[in-house]
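Undergrad:
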Amino acid sequence: MKKRVILTFPRRTVQMPVTYRLAKDFNIAANIIRAQVAPNQVGKLVLELLGDIDVIEAALEWMRAQEIGVSLASREIVIDENRCVDCGLCTGVCPTQALTLDSQTFRLTFKRSRCVVCEQCLPACPVQAISINF
Ligand code: SF4
Ligand code: SF4
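First residue of the sequence shown? That's 1337 in my numbering, and the numbers climb one at a time after it.
Structure below.
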């Protein structure tokens, strides 16, 4: 199964090679969706984990034991294509370029794999075409 998680690293664990440990100790493939990690600072990592559900749960427990904050990113952004007028306002606030305007068609394009569900696009839309699905 796939599970998307948001990890928050305290300073003392920020250099920990988490994706390596996930692969080596738990046989979990970890796809990095977004990373904000700098030496000696609190770090954030959004990962998509691929593996057996029990093993993923064990890995999440191991991370919590290392004092890594773990939250599940189970919410999803939904774009109502019938409402969207392709104005592009949401693309200006999206930090990951999950929302872009196609340069040929000028239509809105949403790349779900890039979305970190930061919710910044919701208030930007003048026609309420963006919502969150829990
Ligand atoms: S929730 Fe955040 S990352 Fe996702 S599309 Fe909206 S602005 Fe972009
Ligand atoms: S802000 Fe709303 S209407 Fe404009 S492109 Fe984004 S989703 Fe579509």
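All residues carry an ideal CB built from backbone N, CA and C; glycine is no exception.
CB-CB under 6 angstroms to Cys1420, same chain, minus the five flanking residues each way: which ones, in chain order?
TA: Same-chain partners within the cutoff: Leu1444, Ala1465.
Undergrad: Kindly confirm or deny that the stretch 1423 to 1434 and the stretch 1400 to 1409 touch, where touching means at least three C-beta pairs closer than 8 angstroms.
TA: At 8 angstroms Cβ cutoff, the stretches do not touch.
Undergrad: Pull up the CB-CB distance for Phe1345 and Val1391, whole angstroms please, since I reckon it's below 8 angstroms.
TA: Not a contact, Cβ separation roughly 21 angstroms.
Undergrad: For Val1414, is the classification buried or exposed, using 16 other Cβ atoms within 10 angstroms of its Cβ as the cut-off for buried?
TA: Exposed, by the Cβ-count rule.
Undergrad: With a Cβ-Cβ cutoff of 8 angstroms, do Arg1448 and Val1382 count as a contact?
TA: Contact flag unset, no.
Undergrad: What number of angstroms, rounded off, separates the C-alpha of Gln1372 from the C-alpha of Gly1379?
TA: If I take the Cα positions, the gap works out to 6 angstroms.
Undergrad: Can you find the residues in the same chain that come closer than 6 angstroms, C-beta to C-beta, to Pro1353, ignoring five residues on each side of it along the sequence?
TA: Counting only Cβ-Cβ distances below 6 angstroms, and skipping sequence neighbours, we find nothing.
Undergrad: How many whole angstroms separate the CB atoms of Val1429 and Cys1457, which I take to be in contact at a CB cut-off of 8 angstroms?
TA: About 6 angstroms separates the two Cβ atoms, so the contact holds.
Undergrad: Can you check whether the CB of Ala1395 is closer than 8 angstroms to the CB of Ile1364?
TA: Taking 8 angstroms as the Cβ cut-off, Ile1364 and Ala1395 qualify as a contacting pair.
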